[in-house]
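Chains Y and S, in that order, are what the protein sequence lines are. Numbering of the first sequence is given in this note's numbering, commencing with residue 19 and proceeding in unit increments. Numbering of the second sequence is given in this note's numbering, commencing with residue 10 and proceeding in unit increments. Take a look at the structure below.
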Amino acid sequence: MSRIDPVTGAVIQGALESIALEMGHKLMRMSYSSIIRESEDFGAALTDATGLQMCECRMSTPLQSGPIPGYIRNVLKVLAERDDPVRPGDVIMHNDPYGGASHGPDVAFCVPVFQGETLIGWSATTAHHLDIGALSPGSCGIVDAVDTYAEGLQFKAIKVFDQGKRNDAVWHILRANIRATDLVVGDMEAQIEAARIGAARLLGLVDRYGLDSTMAAFHDLMDYSERLMRDAIRALPDGDYTASTMLDGYLDDPNPARRELPLVVTLKVKGDDLTVDLTGTAPQVPDKPINMPLVGTVDCSVWLTIRSILLDTVTYGAIPQNSGLTRPITIEAPKGTLVNPIFPAPVIARFCPGNQLADTVMKAFAQIVPEQVSAGIGNLRVVALSGLRDGDHWVHMEIMEGSYGGRKGLDGMDAVDTLYANTRNNPIEDIESHIPIRVDRYELRENAMAAGQWRGGIGAIREFTFLDEAGFSLEGEGHAFKPWGFDGGADGYEAELTLVHTDGTTTSLPSKVPYFKVKAGEKLVSIGPSGGGYGDPQQRPADALAADIADGLLTEETSKVIFG
Amino acid sequence: MKAIGIDVGGTFTDLIYVDRQTGAQGIHKVSTTPDDPSQGVITGLTELMAQGAIDPGDIAQIFHGTTTATNAVLEARGARAGMITNEGFRDVLHIGRHQRPDHYSIMQEIPWQNRPLIKRRYRKTVPGRLVPPTGEELEPLDEAAIRQAARELKADGVEAVAICFLFSYLNPIHENRAKAIVTEEMPEAFVTTSSDISPQFREFERFTTAALATFVGPKVGTYVKNLEAALADQKISGDLRIMASNGGVVTPRMVTQNPALTMMSGLAAGVLGGAWVGQRCGRDKVITFDIGGTSADIGIAVDGVCAETDARSTSIAGFPLLMPMLDIHTIGAGGGSIAYVDQGGAFKVGPQSAGADPGPAAYGRGGAKPTVTDANLVLGRLEPGDFLGGEMGLDLDAAQAVINDLATELNMDPLEAAEGVLTILNANMANAIRSRTVQRGIDPRAFSLVAMGGAGPLQGAEVAAMLEVPEVIVPPHPGITSALGLLIADLKYDVIHTQFQVSTSADLTQFNSEFAEMEAKLTSRLTEDGLNADDVRFERAGDLRYLGQGYELRVPFDLGEVTDAALAQVWQRFHDSHAAEYGHAFENSAIEVVNLRMTAVGSSPDLDLPAQNGGKGLQAAHVRTRQSVFRVDGTLQSFETQVYRRDLLPLGVPVPGPAILLQKDSTTVVPPNATATPHETGSVIISLEAKS
């Protein structure tokens with residue numbers, strides 16, 4: 019039953035969304051590094067005093083806002099253990115991947131909201147930082163970290179402002195330990211300002227409508243989201259549905275326990291409850307950072323995929339993302355596996371495994387709601403590029419897109435971020451104006467589409483030439499396994515990465531490459547994966563086939579071979 | 010000097026005529042003719058001239074707002090367009106920023122993939138490459154390949170070609186050469202370049218803007234030609250000026266060359282009109298608030314000037330558009346917005362709208378869903394027998410029935426439900442206004458709200474109250490404010506150069522030579538258009554950001570030589586503007602200039618309309634007394650409400666609320682605790698009782 023009249027509820031909901039939007043807008047516009055401002059790899063959300071999510075910024079990336087409740091809960095826990103109360107004027111930094119954070123580079127700044135002496139909520143921003151003081155430059159492609167200590171600095175509920183007073187010692191430590199210091203510290207300051215704005219606005223809202231009404235509206239809102247999710251689950255036939263996919267792991271590793279690792283998902287539907295059981299997934303890799311924090315990565319991956327399938331925005335509109343949405347879902351992840359690692363197993367490169375988990379969840383749903391899924395997605399890859407210029411580091415991250423599989427009635431989306439990721443690429447004109455890199459190509463692959471009644475999306479080719487000596491590292495997935503075709507559709511195409519040396523010889527790279535030096539004139543050729551096909555290729559309409567041929571995406575010959 | 014403003018909207022074409030010497034004026038409205046809007050324009054013009062006994066030869070200026078380009082994009086009906094771009098970059102338009110429009114959707118479509126402006130088969134690539142920081146040539150342009158591409162496009166029946174090369178904003182040499190070759194091969198085609206259309210960095214956005222211009226180019230060209238011919242037929246030889254998205258007018262020639270200029274012009278004139286109405290009442294700070302059937306447009310104007318939005322906030326039909334545009338915020342909330350209970354049981358209003366047909370249930374055309382108009386009628390804020398000056402009756406029973414259904418679904422009292430519809434709508438609008446004011450360091454309490462459009466004067470006072478805006482100005486004719494805005498639009502030509510410069514190493518010579526070059530460019534463009542450069546004033550600005558940031562803020566540059574002292578002022582303006590916009594300035598950070606801008610402004614003559622006489626007394630204006638419902642101090646109450654004919658109200662005599670003012674193009678609601686006073690300019694000013 020509603021706690022508050024529907025009109026006031028609607029008014030407060032609108033105000034909450036407007037606050038989250040303002041936080042994200044300001045963070046994105048104030049921030050310095052392209053990973054935040056161009057790729058939009060940041061989050062902004064408000065929670066109640068206990069960490070239940072009230073609203074999130076719809077501009078931010080799902081994997082950043084989603085974990086915020088976990089950050090807040092752990093900040094509260096750590097401070098309670100230390101007997102250090104939260105006070106007005108505090109700003110708390112946190113990035114502990116075994117304490118709610120998605121991984122170390124995603125640092126949260128949390129501002130408590132007080133009405134008088136009472137803690138009434140939190141305003142928090144998260145963002146992916148360019149560098150966090152790990153063993154090699156950049157905060158991605160740290161694929162050789164042996165434990166969490168090697169991944170960079172760990173912040174466990176650190177008060178960077180204590181009752182309004184700046185804790186200078188912390189900032190000195192940050193400056194001394196982080197590369198590309200000015201950019202990273204500038205981004206952190208932008209995060210704090212944006213979180214403070216959110217806190218001021220939440221207080222304003224509470225002052226306008228009263229704490230009781232605001233919280234009543236929020237709890238109604240959680241019930242509302244929960245109700246939508248429960249209705250959607252109830253419409254599914256009860257039963258267990260299992261699917262599995264494979265991670266590349268470390269393809270060049272002699273130890274088989276570190277390559278070709280299964281992810282297994284069993285959806286257990288019972289009434290309006292859904293259990294997602296990950297039993298069967300490979301054991302953790304104790305000294306390689308592709309393990310996924312259960313809170314912050316695994317949970318978000320599962321929730322966001324379920325939401326995208328069962329409560330698709332095209333059908334449901336923009337429903338509020340809050341903690342109510344996840345109440346009907348239970349996740350079971352055996353301890354000591356990739357999806358529930360034990361400290362201090364490293365986790366910093368969990369991004370692509372997490373998205374592969376999302377794809378596995380979708381594959382299980384394909385058995386229940388085939389008209390609401392895509393065939394297998396092409397996963398992403400992230401590279402860190404770095405170098406020295408006048409003694410200072412430049413660090414740049416590129417998130418390389420994947421593509422979607424075909425869908426019932428629609429071809430797959432070409433060359434986009436997939437499932438739990440939705441960042442933006444960097445404009446070529448921005449890259450070349452600011453770092454010693456030339457982009458030589460950015461185009462769709464040709465003759466690499468998965469056949470199907472609705473074809474898979476097509477991956478992109480991106481080529482970079484290094485204009486100066488530089489460093490390079492990579493974390494990715496999808497070099498060893500093809501995205502799955504569905505219902506008679508063909509499997510998709512793997513991703514590839516090749517280093518072209520100045521003498522024209524080439525080296526083919528696996529999907530995880532720790533930091534190494536490249537020379538001026540060397541070139542990277544990245545070929546993105548193409549998603550799986552959906553339905554019988556022979557059923558593809560002739561005009562759709564002809565259009566792809568006319569558009570040069572497919573030759574007549576290839577078309578005959580793959581579509582029959 | 011006689012001038013006519015003609016604003017072509019989706020349903021109606023509005024016309025306004027003013028004699029700038031005598032102050033004589035007239036207004037007229039005809040149906041829009043979507044297949045060839047120039048026909049509706051000519052019909053309206055001939056009728057307006059007949060009505061006012063105007064000699065076509067006396068008309069010195071025609072100011073025109075057109076939606077030809079906008080509609081071609083929204084309806085995805087444009088030219089068969091082609092593109093020539095760098096080798097290796099055939100799919101910049103298709104991949105975009107590799108981001109999906111929706112986070113949480115498997116079944117979504119992507120505008121640039123599902124409805125491409127230029128199909129891949131018509132995107133040709135050629136060797137040739139320029140590189141930063143100066144745009145020097147790394148690889149020469151392959152002219153033979155361009156000629157070959159043009160021949161292939163021509164053979165495929167392509168009518169319009171966009172030439173888009175990387176870094177052309179730094180150096181247009183390759184684009185210009187390619188354009189010359191393509192024009193030789195395809196003399197009939199519309200041919201343009203990305204540097205002509207919008208020389209700014211970020212290739213997807215610039216190429217898409219050029220593609221949009223190309224997509225609509227032939228259609229806009231034909232429209233302008235038809236209109237000019239029809240005006241000539243009518244012996245109207247005055248200057249034709251067309252409204253652009255930047256709030257200025259330009260020549261037909263300019264629009265034909267760069268049709269993307271008009272893409273968002275429909276909204277610009279309304280803000281100008283609203284700002285002018287406010288200024289006439291002596292108010293220099295206004296929020297213009299234009300509510301139609303499906304949407305509300307919000308603009309902020311200070312001293313008659315509405316700021317331009319930053320380049321990265323503008324889009325049309327999901328496509329990014331890098332064009333100077335007034336900062337106008339549109340939300341899907343209007344008189345026809347539908348109220349409903351969604352799948353999860355939440356009470357929502359809009360953005361779906363009943364439109365004009367079937368329209369609200371109250372229109373009696375079969376509309377079966379409760380709308381904002383139905384709620385207003387049920388609450389007694391609209392007169393069933395006196396809507397649109399009595400031209401249209403409203404069906405109270407039908408409105409009551411749909412509101413009752415809604416109330417049942419919500420388990421609420423029907424009047425509470427009806428008032429809830431308005432409260433939710435008004436709160437959505439107030440949030441939108443807050444995002445343009447409070448969130449950017451602007452205090453709305455220092456502003457007046459100009460309520461325009463058919464539904465603006467109905468909601469204006471309650472929205473103002475939510476924002477603690479002290480007063481609402483209702484223009485003389487709220488429904489034709491856009492046509493009025495056209496008459497006061499200045500001539501405005503923009504030029505922009507991307508120029509990266511950092512505050513710690515600023516190159517004064519470079520600044521001065523860039524501005525000199527831009528001024529020369531503007532002067533020659535004006536001359537080509539048959540305008541006199543002596544009649545314009547120049548304005549300068551820059552798009553600045555802290556070094557490393559990705560979003561810029563517009564900051565004015567002074568005219569004259571750029572010196573260290575002048576730059577110091579510019580840097581300080583940027584810090585101030587950053588603090589106002591985002592709540593914080595990073596005073597120790599270096600500042601980067603990204604773009605320099607220059608605008609030539611040719612002022613329109615002042616529009617000086619004579620003061621109104623007003624009616625004899627309240628009694629004479631009184632129509633009837635009725636019951637209407639308002640929420641006061643938290644409770645819903647029915648009030649005895651006076652209904653007046655607005656045109657008969659005496660000037661300067663306060664009308665206490667609750668009251669309803671009737672006129673042909675709108676209805677004004679004056680809530681309890683508010684007072685409406687007719688002003689000598691013909692506007693009505695509603696003062697709201699200050700909240701204690």
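Cβ atoms here follow ideal geometry from the backbone N, Cα and C, with glycine treated the same way. Computed from a prediction, not measured in an experiment: that's the story for all the values here.
Residue i, DSSP secondary structure in three states
{"i": "L148 (chain Y)", "result": "coil"}
{"i": "N604 (chain S)", "result": "strand"}
{"i": "G97 (chain S)", "result": "coil"}
{"i": "A382 (chain Y)", "result": "helix"}
{"i": "Q468 (chain S)", "result": "helix"}
{"i": "D225 (chain Y)", "result": "helix"}
{"i": "A12 (chain S)", "result": "strand"}
{"i": "R132 (chain S)", "result": "strand"}
{"i": "G420 (chain Y)", "result": "strand"}
{"i": "S577 (chain Y)", "result": "helix"}
{"i": "C370 (chain Y)", "result": "helix"}
Proximal residues of chain S, C-beta to C-beta of residue i below 8 Å
{"i": "S51 (chain Y)", "result": "G557"}
{"i": "Y334 (chain Y)", "result": "Q352"}
Straight-line gap, residue i to residue j (C-alpha atoms, nearest Å)
{"i": "A154 (chain S)", "j": "T202 (chain S)", "result": "17 Å"}
{"i": "V25 (chain Y)", "j": "A217 (chain Y)", "result": "24 Å"}
{"i": "I37 (chain Y)", "j": "E601 (chain S)", "result": "29 Å"}
{"i": "A542 (chain S)", "j": "A498 (chain S)", "result": "18 Å"}
{"i": "D434 (chain Y)", "j": "P454 (chain Y)", "result": "It is Val, not Asp, that sits at residue 434 (chain Y) in the sequence shown. Straight-line Cα distance between these residues: approximately 25 Å."}
{"i": "V606 (chain Y)", "j": "D585 (chain S)", "result": "Any property of residue 606 (chain Y) remains undetermined from this structure, which presents chain Y solely from 19 to 582."}
{"i": "F60 (chain Y)", "j": "S49 (chain Y)", "result": "10 Å"}
{"i": "Q157 (chain S)", "j": "P149 (chain S)", "result": "16 Å"}
Where the alpha helix (DSSP H) through residue i begins and ends
{"i": "Q34 (chain S)", "result": "From DSSP, Q34 (chain S) is part of no alpha helix (DSSP H) but of the beta strand (DSSP E) over Q34 to S40."}
{"i": "L39 (chain Y)", "result": "P24 to M48"}
{"i": "E477 (chain S)", "result": "Note, E477 (chain S): premise wrong, no alpha helix (DSSP H); not H, not E."}
{"i": "C290 (chain S)", "result": "First-last for C290 (chain S): undefined, no H or E at that position."}
Limits of the beta strand (DSSP E) - the one that residue i falls within
{"i": "Q646 (chain S)", "result": "T644 to R654"}
{"i": "F595 (chain S)", "result": "Per DSSP, F595 (chain S) belongs to no beta strand (DSSP E) and is neither H nor E."}
{"i": "D23 (chain S)", "result": "F21 to D28"}
{"i": "K228 (chain S)", "result": "From DSSP, K228 (chain S) is part of no beta strand (DSSP E) but of the alpha helix (DSSP H) over E212 to D242."}
{"i": "M72 (chain Y)", "result": "Q71 to E74"}
Cross-chain neighbours of residue i in chain Y, by beta carbon under 8 Å
{"i": "A436 (chain S)", "result": "A28, V29, G32 and A33"}
{"i": "K357 (chain S)", "result": "A28"}
{"i": "D656 (chain S)", "result": "Result: empty, since nearest Cβ-Cβ is about 36 Å, beyond 8 Å."}
{"i": "I190 (chain S)", "result": "The contacting residues do not exist; I190 (chain S) stays about 22 Å from chain Y at best."}
Partners in chain S for residue i, counting only beta-carbon separations shorter than 9 Å
{"i": "L322 (chain Y)", "result": "H112 and Y113"}
Per-residue contacts from residue i into chain Y (C-beta, under 7 Å)
{"i": "R130 (chain S)", "result": "A568, D569 and G570"}
Interface residues of chain S facing residue i [CB-CB closer than 7 Å]
{"i": "M431 (chain Y)", "result": "R109, I119 and Q122"}
| request: Assess, as a yes-or-no matter, whether the region 643–652 of chain S is touched by the region 660–676 of chain S under the definition of 3 or more beta carbon pairs within less than 8 Å. | output: yes
| Does the pairing of the region 43–63 of chain Y with the region 104–113 of chain Y give three or more beta-carbon distances under 8 Å? | no
| query | Touching or not, the region 291–310 of chain S and the region 441–459 of chain S, by the rule of three or more beta carbon pairs under 8 Å? | reply | yes
| said: Whether or not the region 22–36 of chain S and the region 59–77 of chain S are in contact is what I'm after, with contact meaning three or more pairs of Cβ atoms, one per stretch, closer than 8 Å; do they touch? | reply: yes
| message | Tell me whether the region 88–105 of chain S and the region 211–219 of chain S touch, counting them as touching only if at least three CB pairs, one residue from each stretch, are closer than 8 Å. | response | yes
| query | Do the region 409–425 of chain Y and the region 348–363 of chain Y make contact, defined as three or more Cβ pairs closer than 8 Å? | reply | no
| Per the contact definition of three or more C-beta pairs closer than 8 Å, is the region 128–137 of chain S in contact with the region 568–581 of chain Y? | yes
| request: Determine contact between the region 335–353 of chain Y and the region 231–245 of chain Y, defined as no fewer than three beta-carbon pairs at a distance below 8 Å. | output: yes
| task | Would you check if the region 287–305 of chain Y and the region 256–272 of chain Y touch, i.e. whether three or more CB-CB distances between them fall below 8 Å? | result | yes
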